[in-house]
Amino acid sequence: MSQGQGFGFGLGKMKEFAEAIKKAQQVQEGAKQLQEELESMEIEGEAGGGMVKVVMSGNQEPLRVVLTPEALNEEADVLSDLVLAAMKDSYTKSTATMREKMENLTGGLNLPGLG
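All residue numbers for the sequence shown refer to this note's numbering, where the first residue is 45 and numbers rise by one.
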């Protein structure tokens, strides 16, 4: 066995491994903070020019629905469609926000399941 080869990886590889562990711990700590931040966010989706608004948290928990008096004058099927469209809008914005914040948190790390 030649000198400096040890168990098949040198000190450079150990340093890379230690740095990866440190980054993973930072990401884990950041994920806890991110979860709290997402829970406290309010992301609004709307439909019908603002006649119907749906507010969700950053982690897609529905918080409230706001209907204008004009929305209440609509037929039930139209109102149902407006509520659904506002929910979809809010959900889309919420998931985009979550994805963006996760990408910022991981800082370009190639972590499986987060891409």
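Every residue gets a Cβ at the ideal spot worked out from N, C-alpha and C, and that includes glycine.
Out of the options, point me to the one whose CA is closest to residue i's CA.
i    : options                   : result
D133 : E63, G74 and G94          : G94
A130 : L107, R143, E81 and M146  : L107
E81  : M142, S124, E147 and T150 : M142
T139 : V96, E147 and G102        : G102
E144 : L78, V98 and Q69          : L78
Rounded to whole angstroms, what's the CA-CA distance from residue i to residue j? Just pull it up for me.
i    : j    : result
E60  : K66  : 10 Å
D121 : G92  : 13 Å
E118 : I87  : 25 Å
Q104 : Y135 : 6 Å
L126 : P113 : 14 Å
Q72  : M146 : 11 Å
V110 : S124 : 13 Å
L149 : G89  : 25 Å
M58  : K76  : 27 Å
V96  : A115 : 7 Å
Going by DSSP in three states, residue i sits in which element: helix, strand or coil?
i   : result
G74 : helix
M95 : coil
M58 : helix
E88 : strand
E63 : helix
Between which two residues does the alpha helix (DSSP H) harbouring residue i extend?
i    : result
S134 : A120 to T150
E114 : P113 to L116
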